[in-house]
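Here our numbering is used: the first residue of the sequence shown is 643, the next is one more, and so on.
Below you'll find the structure, written out as structure tokens, and then a few comments.
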Amino acid sequence: MNVENTKAQMRKGVLEYCILSILNGKDKYASEILETLKDAKMLVVEGTIYPLLTRLKNAGLLSYRWEESTSGPPRKYYALTETGILFLKELDTTWDELRTATNLVTQNK
643 MNVENTKAQM
653 RKGVLEYCIL
663 SILNGKDKYA
673 SEILETLKDA
683 KMLVVEGTIY
693 PLLTRLKNAG
703 LLSYRWEEST
713 SGPPRKYYAL
723 TETGILFLKE
733 LDTTWDELRT
743 ATNLVTQNK
């Protein structure tokens, strides 16, 4: 069994939650989201994040707006919708429960 594959699957499992959390309270464009994830050691590439942002937008969790940039082409800024905010609150609860359960199981070695 390949441990790198398992680690990648674990990261994928929390990526949506992380993106929604990054956008909580602040609009950001894709490069800012990607940079935040990379700074947190979430190994994500551009080819992964753009389809995920589109899927979250199509699900009604995100909206976007175009904004002119002084240093290049216009940027697409993503924001949580009201539905996205409610969805994130549910994920926060689920994450807390999952983290508690995981800690209980893995600390009893």
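Just so you know, even glycine gets a beta-carbon here, dropped at the ideal spot from N, CA and C.
The structure presented is a predicted model; accordingly, all values stated were derived computationally and were not measured.
As the crow flies, the alpha-carbon of Thr712 is around 38 Å from that of Glu732. Pairing Met684 with Arg717, the inter-Cα distance amounts to about 23 Å. Glu674 and Tyr720 have their alpha carbons spaced roughly 10 Å apart. In this structure, Ser705 lies near Leu722, with their beta-carbon atoms less than 9 Å apart. In this structure, Leu730 lies near Leu662, with their beta-carbon atoms less than 9 Å apart.
Taking C-beta atoms as the reference points, Leu665 and Gly702 fail to come closer than 9 Å. Excluding sequence positions up to five before and after Tyr659, its CB lies within less than 6 Å of the CB of Leu733, all in the same chain and listed in chain order.
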